[in-house]
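In our numbering, the protein residues as written are 3 to 98.
Spelled out as structure tokens, the structure:
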């Protein structure tokens, strides 16, 4: 069952490996994380957990706009397509 329905943690792990391999650990450390931390502190952040929830999509869209002028959904869609294609290539079924 796990091979056919990988957990979100496995998918997040694959996504982090893809981003690191594609852009390099220096870029992740120098560009991606600082941008995410900076935007995390805006007023609509989803944290702290026990206060009013913010707008996570708007927060991540600001990150995307800063990094490549696009939206976070573009990133998620690209990662999803890559991961699904790699899992299918490895023989995982039930991913349609």
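Glycine included, each C-beta is placed from N, C-alpha and C at the ideal position.
* Taking residue 57 as part of the alpha helix (DSSP H), name the residues at either end of that continuous run. => Element bounds for residue 57: n/a, residue is neither H nor E.
* In the structure shown, what three-state DSSP assignment does residue 95 receive? -> Of the three classes helix, strand and coil, the one that applies to residue 95 here is coil, per DSSP.
* With DSSP run on the structure shown, which of helix, strand or coil describes residue 37? -> Residue 37 carries a helical assignment under DSSP once its states are collapsed to helix, strand and coil.
* Asked: Could you give the C-beta distance for residue 68 and residue 22, rounded to a whole number, given that I count them as a contact under 8 Å?
  -> Not a contact, Cβ separation roughly 19 Å.
* Taking 8 Å as the threshold, find out whether the stretch 73-88 comes into contact with the stretch 25-39 through three or more Cβ pairs. => They do not touch, by the three-pair rule.
* Asked: Is residue 89 buried or exposed, if buried means 16 or more other CB atoms sit within 10 Å of its CB?
  -> When all chains shown are included, residue 89 counts as buried.
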